[in-house]
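Student: So that we are looking at the same thing, I have put the structure below in structure tokens.
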Amino acid sequence: MKNRLPEIFDTLLDAYGPRFWWPAESPFEVCVGAILTQNTNWANVEKAIANLKEAGLLTAEGLRDVALERLAELIRPAGYFNVKSIRLKDFIGWLYGEHGGNLEAMFAGDWQRLRQELLGVRGIGPETCDSILLYAGHQPSFVVDSYTKRLFSRLGLFSENAAYEEFRALFMRNLPSDTELYNEYHALIVQHCKEHCRTKPLCAECPLLPRCPFGIGVLTGKTKSGG
DNA sequence: GGCCAGGACACCA
DNA sequence: TGGTGTCATGGC
């Protein structure tokens, strides 16, 4: 079976241009945002991040020392604030316990070992973990999110029910191990899905339609007529 | 007023 | 191992 992933990337890049992800001012902000964005609209996350910045708490030390209740209140706009405040505290506690609260130290060793360690932190699942590795640590760990599953299952390439690690492995097997490529690919998937691939079927303006090489009927109910 | 949004986890069979 | 309920705000 032909590897369609590179050409899909090219199509998305042509359509949207480079996305310059992650939308954050520092690697630490990426880590915080990765936890706050769990099952949440990014616009709401931005409000929570802004609250943390305004309070001067968007640092490892700040989040370590702030009271849990105050932290929850500051991140309230991001939703699930009681859960996420604990998750942030757990991550910061782990960061201090294992790496002295230093993000550079956290990323200094072997990233695949770090991945396993991060997955052991309560509240950090595979997507959050890979987002931290890729966008904060600049390590070639592909990020799979709900958009990725939705788009590529609609394209008929993967089963939507496939496990996270299966999805991730498929991308990493079929693409070169390239941090910049993984960075851009995931960002383009998000951009694309926000515009064309929410819960509704893809619309006629979908940039994947004209060059779709794999039977767009999966998406539209019509069959590709060739040519 | 309902749906949706860049998940993770506990619990249960 | 897989399915289900829970956590919550804000925009449309």
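Take any residue in the first sequence, note its place counting from 1, add 94, and you have its number in our numbering. Built from N, CA and C at the ideal position, the CB exists for glycine as well.
Below 8 angstroms on the Cβ atoms is my contact criterion, and I expect residue 226 with residue 212 to pass it. Report the Cβ-Cβ distance as a whole number of Å.
Tutor: Position 132 of the first sequence, counted from the first residue, corresponds to residue 226. Position 118 of the first sequence, counted from the first residue, corresponds to residue 212. Right, the Cβ-Cβ distance comes to about 7 angstroms (below 8 angstroms), so this counts as a contact.
Student: Report back the beta-carbon spacing between residue 146 and residue 172 to the nearest angstrom; my notes put them in contact at under 8 angstroms.
Tutor: In the first sequence, residue 146 corresponds to position 52, counting from 1. In the first sequence, residue 172 corresponds to position 78, counting from 1. At roughly 10 angstroms, the Cβ-Cβ gap does not stay under 8 angstroms, so residue 146 and residue 172 are not in contact.
Student: Can you give me the C-alpha to C-alpha distance between residue 197 and residue 125, rounded to a whole angstrom?
Tutor: Counting from one through the first sequence, the residue named residue 197 turns up at place 103. Counting from one through the first sequence, the residue named residue 125 turns up at place 31. Answer to the nearest angstrom: the Cα atoms are 10 angstroms apart.
Student: Quick one: using the 10 Å Cβ neighbour count with 16 as the cut-off for buried, is residue 97 buried or exposed?
Tutor: Residue numbering aside, residue 97 sits at position 3 when the first sequence is read from its first letter. Flag for residue 97 reads exposed.
Student: For residue 182, count the other beta carbons within 10 Å of its own beta carbon; 16 or more makes it buried, fewer makes it exposed. Which is it?
Tutor: Within the first sequence, the letter at position 88 stands for residue 182. Buried, since its Cβ has 16 or more Cβ neighbours within 10 Å.
Student: Pairing CB atoms from the region 253 to 262 with CB atoms from the region 218 to 237, are three or more of them under 8 angstroms?
Tutor: yes
Student: Closer than 6 angstroms by C-beta to residue 239: which residues in its own chain qualify, once you throw out the five before and the five after it? Chain order, please.
Tutor: The residue you call residue 239 lines up with position 145 of the first sequence. Answer for residue 239: 221, listed in chain order.
Student: With a 10 Å radius around its C-beta and 16 neighbouring C-beta atoms as the bar for buried, classify residue 179 as buried or exposed.
Tutor: Translated into the one-based positions of the first sequence, residue 179 becomes position 85. Buried, by the Cβ-count rule.
Student: I'd like the list of long-range same chain contacts for residue 107, defined as Cβ closer than 8 angstroms, with 5 residues on each side in sequence excluded.
Tutor: As a working mapping, residue 107 is identified with position 13 in the first sequence. Answer for residue 107: 278, 282, listed in chain order.
Student: Within a Cβ cutoff of 6 angstroms, which residues of the same chain sit near residue 121, ignoring the five residues on either side of it in sequence?
Tutor: Taking the first residue of the first sequence as position 1, residue 121 is located at position 27. Same-chain partners within the cutoff: 197, 230.
Student: DSSP state of residue 105, grouped into three classes?
Tutor: Residue mapping note: residue 105 aligns to position 11 of the first sequence, counting from 1. Three-state DSSP puts residue 105 in a helix.
Student: Spatial neighbours of residue 271 within its chain, please: C-beta separation below 8 angstroms, excluding the five flanking residues on both sides.
Tutor: Counting from 1 along the first sequence, the entry for residue 271 is found at position 177. Hits under 8 angstroms: 234.
Student: In this structure, does DSSP put residue 126 in helix, strand or coil?
Tutor: Here residue 126 refers to the residue found at position 32 of the first sequence. Correct three-state label for residue 126: helix.
Student: Restricting to runs no shorter than 4 residues, where is the alpha helix (DSSP H) found entirely within the region 208 to 291?
Tutor: 220 to 225, 240 to 248, 258 to 268, 273 to 290
Student: How would you label residue 307, buried or exposed, when you count the other beta carbons within 10 angstroms and need 16 or more for buried?
Tutor: Position 213 of the first sequence, counted from the start, is the residue given in the question as residue 307. Caution is warranted here: a pLDDT of 40 is assigned to residue 307, below 50, making its placement in the model unreliable, and the coordinate value is therefore given only provisionally. Exposed, since its Cβ has fewer than 16 Cβ neighbours within 10 Å.
Student: CB-CB under 7 angstroms to residue 264, same chain, minus the five flanking residues each way: which ones, in chain order?
Tutor: As a working note, residue 264 is residue 170 in the first sequence. If we look at residue 264 and ignore the five residues flanking it on each side, its Cβ neighbours are 252.
Student: What does the alpha-carbon distance come out to for the pair residue 276 and residue 268?
Tutor: Taking the first residue of the first sequence as position 1, residue 276 is located at position 182. Taking the first residue of the first sequence as position 1, residue 268 is located at position 174. The alpha-carbon atoms of residue 276 and residue 268 are separated by roughly 12 angstroms.
Student: With 16 other CB atoms within 10 Å as the buried threshold, where does residue 249 fall?
Tutor: The residue labelled residue 249 in the question sits at position 155 within the first sequence. Residue 249 sits buried, since 16 or more C-beta atoms from the chains shown fall within 10 Å of its C-beta.
Student: Taking the alpha-carbon positions, what's the residue 204 to residue 99 distance?
Tutor: Taking the first residue of the first sequence as 1, we reach residue 204 at position 110. Taking the first residue of the first sequence as 1, we reach residue 99 at position 5. Each residue's Cα considered, the two are about 27 angstroms apart.
Student: Using a Cβ-Cβ cutoff of less than 8 angstroms, which residues in the same chain neighbour residue 134 once the five nearest sequence positions on both sides are dropped?
Tutor: Numbered from its first residue, the first sequence carries residue 134 at position 40. Taken in chain order, the residues that qualify are 172, 173, 174.
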